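Note sheet for the following structure.
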Amino acid sequence: MSDRPMMLTQFIGVTLHNGTTIRQIAPYELSGKLAVTRIFRLVNGVKYDADGTEDGDITQGNLRATFRVTGATHNAANTLLLALEALLNRRGTLGGVEYLASTTLFRTCNARCVTARPILRADLPMAVGRVYQVEIEIVWEQFTNWG
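Position one of the sequence shown corresponds to residue 1 (UniProt numbering), numbered consecutively onward.
Rendered as structure tokens:
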């Protein structure tokens, strides 16, 4: 299966999107498949292609998603954020929902979380009497196709 936009819902048992306190939001980016290049420049300046005239290999790419965390209190939002930050450098099953014309499919792949970066924005309130929100960008390096 080729890369398709999905609603990512869990990674190694940790909820990524539940529609209330954690929501996947835009942007959602897929790198697509990546070329494995074996092109080297020799000391004399000549380019050398180790694959010769044959086609090169292709490998899995990565995907990047942003999630908005909402808590009833500042502490509740931070607790959810810390749970997502703790995914950094973990490897396991990434799950998501693919929306089709009349149904949905739950799909999984094997991936490693390579980035878990909080995004602080002035327009997302973190003040007394307001909704407590923070965003986090997560990037996964994919090792298997979605299945």
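Glycine residues also receive a C-beta, built at the ideal position from the N, C-alpha and C atoms. These numbers were taken from a predicted model, which means no experiment stands behind them.
- In angstroms, rounded to a whole number, what distance separates the CA positions of L100 and W146? 15 Å
- Query: Which value, in whole angstroms, describes the spacing of the CA atoms of I136 and A26?
  - Reply: Roughly 11 Å separates the two Cα atoms.
- Message: My assumption, with CB atoms under 8 Å, is that G56 sits in contact with A35. Please give the rounded CB distance.
- Response: 6 Å
- Message: Quick check: the Cα distance between L42 and L88, rounded to an integer number of angstroms?
- Response: 37 Å
- Closest by C-alpha distance to G19, when choosing among R117, T70, T37: Answer by Cα proximity: T70.
- In the segment 15 to 74, which residue ranges form an unbroken beta strand (DSSP E) of at least 3 residues, counting only runs that do not cross its ends? 22 to 30, 34 to 36, 39 to 41, 47 to 49, 57 to 59, 62 to 71
- Message: I believe A83 touches V14 by the beta-carbon criterion, under 8 Å. Please report the beta-carbon distance rounded to the nearest angstrom.
- Response: With a Cβ gap of about 6 Å, A83 and V14 count as contacting.
- State the Cα-Cα distance for the pair G96 and M6, rounded to the nearest angstrom. 6 Å
- Query: Do you know offhand how far T104's Cα is from E98's?
  - Reply: 6 Å
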